[in-house]
Amino acid sequence: MSAVNLNIYLFILLNFISFLSFSQTKHTLSGYVKEQGSKELLIGVTIYTSDKSAGTVSNDFGYYAMELTEGKHTIVYNFVGYKAIEKEVTISKDLVFAVELPSMESALSEVVVNASKTQKKVSEEVRMSSVEVPIKTIKDIPALFGEKDVLKVLQLMPGVQSGSEGQSGLYVRGGGPDQNLIILDGATVYNAQHLFGFFSLFNGDALRSVELVKGGFPARYGGRLSSVIDMNMKDGTKEKISGELGVGLISSKGLIEGPFAKGKGSFIVSGRRTYIDILAQPIILAANSGNPAGYFFYDLNAKANYEIDDKNRVYLSGYFGRDKFYLNDSDPFDSYKSKFRFGWGNATGTARWNHVFNPKLFSNTALIYSFYELATSIEEKELNQSLFELNYGSGINDYSIKQDFDWYVNNNHKVKFGLVATNHRFTPDALVIRDDFDGSIIDRKTEYKSLEIGLYIEDEWKISKRLKSLHGIRLSTFSSEGTTYLKPEPRIGLAYALRKDLSLKASYASMNQYIHLLSNSGVGLPTDLWVPATERVKPQSSRQIAMGIAKDFDKQKFSVTLEGYYKEMDNIIAYKEGASFLAIEDNVDDGSIQSISWEENITGGSGTSYGGELLLQKNQDRLNGWVGYTLSWTKQKFPELNGGKEFFARYDRRHDISVVLVYEIKENVTLSGTWVYGTGNAITLPISSYRLGDITSNSSINRWFDYTNYGTEYTKRNGFRMEAYHRADIGLQISKPRKHGIRTWEFSAYNMYNRRNPFFYYIGNERLNDDSSRQVLKKTSIFPILPSVSWNYKFN
Amino acid sequence: MKQIALIISFISIFGCQSIVENVPLPETEVKAVAFGYFDNLNLANKQNISLTKSKPVFYTANSQSSDYEPIQDALITITGNGDNYEFYYEPGYERYEPSQVVNLQSGSEYTLTVNSPEFGELKSTQTMPLPLGAYTIRIDSTVSEYDTDYRVSIELDNPLNQYYRIEVFGQNLSMVEAEGIYVDREYFKLMGSEKQLSASFTEYNKTFGGDKRNIYLVISSITEDYYNYGRLLKDYNPQNPFGEPTLLPSNLEGGLGMFALSSGVVIQIR
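Here the protein sequences come in this chain order: A and B. Letter by letter, the first sequence follows residues 1 to 796 of the working numbering. Letter by letter, the second sequence follows residues 797 to 1066 of the working numbering.
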């Protein structure tokens, strides 16, 4: 038996022994924590006895449980953005005790003098590499065109990088956007982007909580390598019908929520639609010979919940959103007509049942549906006879069943266990092309059915007063097209309190990802394809270790975390050199088009990412926000790319800085600002061209390109750095109570010092004085200074 | 795809374009570019070496033309296994021809040396691949009205090399000179104990009507560098705006290009 195995067995034995409680008689205090008034369930509320002998945290459904000895106790309920309250309880048997916390907004309006914002203590948490972003902060931070965007706020966290200018894709600790698990009420969202990535699906209006996990993943999460973004929708107020209206430069939005069934249930519905296409239609019609064209997107969130009794609650929630681009073309003097349609969208649906078996055992059962689809169509007609028709689509369809248990064993052990089974149906490409001119037809549909199962158990163990552990294991399986993978994923996190407000942390997480995203644009195009792991294309896997310190400065009311990480990734995929994302190529021999399998277009490799992250955060008083700094390296190695030599990933970023400040000038006036700086992206740049020699065939003639074409000499793959990216945004919110609610005006400026950040580089021509021209490197910048204004009205 | 390109063009048009001036561009120098392919078959009389100059992309006129200046004053030799082959410049073809037939021996190492006053020395040393050895071949075909599909499967008894190429081309019998009517090729890298090479190709009957022709199958052991080059060039399409950049490998120290060696056998199907 090796020393490592011996240690593992000892750890398990100690763990088991500590499950047994030999102390004096204890009973369980349990219940739900809600927001006062709306009765929204609150996630992540810290609950502890005033002597700190026992403590717990409310779960994803606001439920908590803890063991207490018989007698009187003072219980403290503490949550960011809410007034901390203390309650006296007398324990003689198991006690169900529901608590309502007043939010800071309501506490202030009631002139509660001693109300103060509370900040979560990072030094007391066993978990590391995770951040909870308050929804209010998301709404306070200035945004592009005033469109609040959850994912763009997450980009401001250390360890998280954006792709190109204005994009909402996330690159977490060297991972790609496909390696982020985005969950909305338990349902996976596959493409969280609108307008080619400039906006995300989530504006925060209907959200209750957002948590980002970058490392030290608890075993309940699986299926992606780099991050988890876990979002929960609001339940809807149980107080009275209320809502919000908002009008911005490019979209309008609305929200309505309220109780039903005499307060036993509540609902919330929110929606958003852009209207540039409607406003600009007269101009488009004039410019396009009376033919309509345009683009818009919309989102719709809805949720309802019903409290059957103290032990049973049910929830039904869903999201539906779509982007549509349309372009018609016809000439009144000509018989030619064409139509182009390009759209993509997500839909999710979740039905959940919470059941309290006993005060210590909480269950959540969920049926989940998730759908993503891209559809493109082109139709060309002459004299009403079809000339050309193209229909291209790709998508993914998931049906899942999920069962989670929270078992509050005792004050030293909180165990979560459960399973999730997902039936995936991938359609990487469905293509129909009918060219009536040359008679060529392609009718191709690739479909894969896969089953993914994850079985997990994790335990948050208070080993001693100073040492805590969050350890667990996830067993994941994936079956597709006759190939089955089975992989264990051990996870462990440790936190050792050096002092009351200072702790050392370490974590290890092994992750597997059974689905891949084929993407060569790097711009978050919806044309990126989701495909399953197959016998030929192996599942991605990663191993990440992280170490860090967390320190709370109670008097100064801020916290600092410093973390270092090292992550290895295997079987990541990339397009082969020269491959195209649509996997279609011209047949040079007869001029027709032919299709090739996506598997032939890609190649597998490995990646390494390491670096350090510093986060200084303040969530109290009038000035709050954070400063984040990341120093990182991300390298990749593919046998078939760059001559098999290691190269920097496209989004390798040596330095990344973000500063976020929100200042309440007075009660109803908030000034906010952000500044970001990032090392330029790494790209491959052509540097010279040359004539290719005739060396590829024994025949006396070759394909045309063998000898008439030219080769291009590039820098090493991703061997050229674009210029650094930096930008500052500023926003001002002015609220005023009105007769039926609160009106808020927001004025903001994106890129306030008008920095011309590059969106992409290209080779262009520069005209010289002697009328000749020469080739130069040019950049396209898309967002100069962009002022915006929006109006919101919250009625109640 | 035109429409997708239009969307991207829209961003280009409405975005702000400017010349990148605050980032130093990679230094690029004009390089000598040499290509030479030598095998034991010399089916198409290709024992020659092209030598041209590359063109920097930046601060030059648009270089996407075929006008690449030949280097005419170089001394070129291939040496190895006790042999020394010299090449002379043939202005009519803008290439260097050998003074005698180049006959390279399998398993021997050969060095291509190019010396020019402007660019100095280019050098590449390669080993002539070992021959194919014994093999079993199976060819299946499916004939339809317009074309014939062939499936070729070759089992090597004892592979002596790791890299292979299967090439197919036709030759009209009525032509005095060998003229291919169809060319295709596949590249292979054998891993571990693999011994099988499989390829398929199509002969388009409709294109050339009822012309009689021979179809040749050339199975070759090739060098690793040539395998990497040929495999990438097979799908090379620099005009595709959605394509990933193709970094064609070079095995010439001091310049660009490829010194390619191959050892093959010819099988006449018809």
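For each residue, glycine too, the CB sits at the ideal point set by N, CA and C.
| request: Give the range of the beta strand (DSSP E) segment to which A293 (chain A) is assigned. | output: In the DSSP annotation of this structure, the continuous segment of the beta strand (DSSP E) that includes A293 (chain A) starts and ends at A293 to D309.
| request: Please decide whether I1018 (chain B) counts as near chain A, where near means a Cβ-Cβ distance under 7 Å. | output: So, not an interface residue.
| task | Quick one: grab the DSSP three-state call for M104 (chain A). | result | Helix.
| said: Once DSSP output is grouped into helix, strand and coil, what is the label at V133 (chain A)? | reply: V133 (chain A) falls in the coil class under three-state DSSP.
| message | When you compare the segment 491-504 of chain A with the segment 470-479 of chain A, are there three or more beta-carbon pairs, one atom per stretch, that lie closer than 8 Å? | response | Judged by Cβ distances under 8 Å, the segment 491-504 of chain A makes contact with the segment 470-479 of chain A, as three or more pairs qualify.
| Is the segment 892-907 of chain B touching the segment 915-926 of chain B in the sense that three or more CB pairs, one from each, lie closer than 8 Å? | The segment 892-907 of chain B and the segment 915-926 of chain B touch, with three or more beta-carbon pairs separated by less than 8 Å.
| message | Considering Cα atoms alone, identify which of B:G1051, B:L900 and B:S1059 is closest to F831 (chain B). | response | Nearest option by C-alpha distance: B:G1051.
| In terms of residue numbering, what span does the beta strand (DSSP E) encompassing K381 (chain A) cover? | The continuous beta strand (DSSP E) containing K381 (chain A) extends over residues L361 to E382.
| said: Suppose contacts are defined by Cβ-Cβ distances below 7 Å. Is I229 (chain A) in contact with L212 (chain A) by that definition? | reply: Judged by their CB atoms, I229 (chain A) and L212 (chain A) are nearer to each other than the 7 Å cut-off.
| said: Between E951 (chain B) and chain C, is any beta-carbon pair separated by less than 7 Å? | reply: Annotation note: the requested chain C is absent from the structure, which comprises protein chains A and B.
| request: Can you give me, in chain order, the residues of the segment 821-832 of chain B that have a beta carbon less than 9 Å from any beta carbon in chain A? | output: If the cut-off is 9 Å between Cβ atoms, the segment 821-832 of chain B has L821, P822, E823, T824, E825, V826, K827, V829, A830, F831 and G832 near chain A.
| P532 (chain A) by DSSP, collapsed to three states: which one? | It is a strand residue.
| query | Expressed to the nearest angstrom, what Euclidean distance is found between the alpha-carbon atoms of A550 (chain A) and M128 (chain A)? | reply | If I take the Cα positions, the gap works out to 9 Å.
| query | Would the beta-carbon of S338 (chain A) be found less than 6 Å away from any heavy atom of the ligand FAD? | reply | By its list of ligands, the structure shown contains no ligand whatsoever, and the ligand FAD lies outside what it can speak to.
| query | If you measure beta-carbon to beta-carbon, which residues of the segment 757-776 of chain A are closer than 9 Å to chain B? | reply | Residues passing the 9 Å Cβ filter: P758, F759, F760, Y761, Y762, I763, G764, N765, E766, S772, S773, R774, Q775 and V776.
| message | Any beta carbon from chain B within less than 7 Å of E373 (chain A)'s own beta carbon? | response | No, its Cβ sits nowhere closer than 7 Å to a Cβ of chain B.
| field | E646 (chain A) versus N1047 (chain B) - alpha carbon distance | value | E646 (chain A) and N1047 (chain B) have their alpha carbons spaced roughly 18 Å apart.
| message | Under 7 Å, Cβ to Cβ, is there at least one residue of chain A near L1028 (chain B)? | response | At least one CB atom of chain A sits nearer than 7 Å to the CB of L1028 (chain B).
| If you compare alpha carbons, which of A:W344, A:K234, A:Y336 and A:D309 is closest to A302 (chain A)? | With distances taken between Cα atoms, A302 (chain A) lies closest to A:K234.
| Between V150 (chain A) and V964 (chain B), what straight-line distance do the alpha-carbon atoms span, to the nearest angstrom? | Each residue's alpha carbon lies about 57 Å from the other.
| field | Residues that DSSP places opposite L661 (chain A) in a beta bridge | value | L661 (chain A) pairs with A:G625 and A:G673.
| query | Within 7 Å (strictly less), CB to CB, does S940 (chain B) reach chain A? | reply | Cβ-Cβ to chain A under 7 Å: no for S940 (chain B).
| field | As assigned by DSSP and simplified to three states, the class of P820 (chain B) | value | In the structure shown, P820 (chain B) adopts coil according to DSSP, grouped into three states.
| task | Go ahead and label V409 (chain A) buried or exposed: buried means 16 or more other beta carbons lie within 10 angstroms of its beta carbon, across all protein chains shown. | result | So V409 (chain A) counts as buried.
| Per-residue DSSP class, three states only, for S123 (chain A) | If DSSP states are grouped into helix, strand and coil, S123 (chain A) belongs with the helices.
| Where L486 (chain A) and I515 (chain A) are concerned, what is the direct C-alpha to C-alpha distance, given to the nearest angstrom? | A direct Cα-to-Cα measurement between L486 (chain A) and I515 (chain A) gives close to 14 Å.
| request: State the DSSP-derived secondary structure class of E973 (chain B), mapped to helix, strand or coil. | output: Summary for E973 (chain B): the model assigns pLDDT 41, below 50, so the residue's position carries little reliability; its value from the coordinates is reported in the next sentence. DSSP places E973 (chain B) in coil when its eight states are reduced to three.
| Within chain B, partners of D436 (chain A) - CB distance below 7 Å | In chain order: nothing, as chain B lies at least about 17 Å away.
| query | Secondary structure at N877 (chain B), three-state DSSP: helix, strand or coil? | reply | The answer is coil: DSSP assigns N877 (chain B) none of H, G, I, E or B.
| Below 8 Å, can you find three or more Cβ-Cβ pairs linking the segment 735-743 of chain A to the segment 769-779 of chain A? | Contact between the segment 735-743 of chain A and the segment 769-779 of chain A is absent, with fewer than three C-beta pairs closer than 8 Å.
| P1045 (chain B) at chain A interface by Cβ criterion, 7 Å | Yes, P1045 (chain B) lies at the interface with chain A (some Cβ there is under 7 Å from its Cβ).
| query | Among A:L101, A:E100, A:E86 and A:T69, which has the Cα closest to the Cα of D94 (chain A)? | reply | Per the Cα distances, A:T69.
| said: Going by DSSP, what residue range makes up the alpha helix (DSSP H) through N571 (chain A)? | reply: Counting along the chain, N571 (chain A) sits inside no alpha helix (DSSP H); it lies in the beta strand (DSSP E) bounded by residues F558 to Y575.
| Cβ contact check for the segment 810-823 of chain B and the segment 667-678 of chain A: 3 or more pairs under 8 Å | With a cut-off of 8 Å, the segment 667-678 of chain A and the segment 810-823 of chain B do not count as touching, because too few Cβ pairs lie within range.
| chain A residues whose Cβ lies nearer than 7 Å to that of T909 (chain B) | Neighbours of T909 (chain B) on chain A: none; closest Cβ ~17 Å, over 7 Å.
| query | Of all the beta strand (DSSP E) runs that stay within the bounds of the segment 131-214 of chain A, which reach a length of 3 or more residues? | reply | For the segment 131-214 of chain A, whole beta strand (DSSP E) runs of length 3 or above, ordered along the chain, are 180-184 and 207-213.
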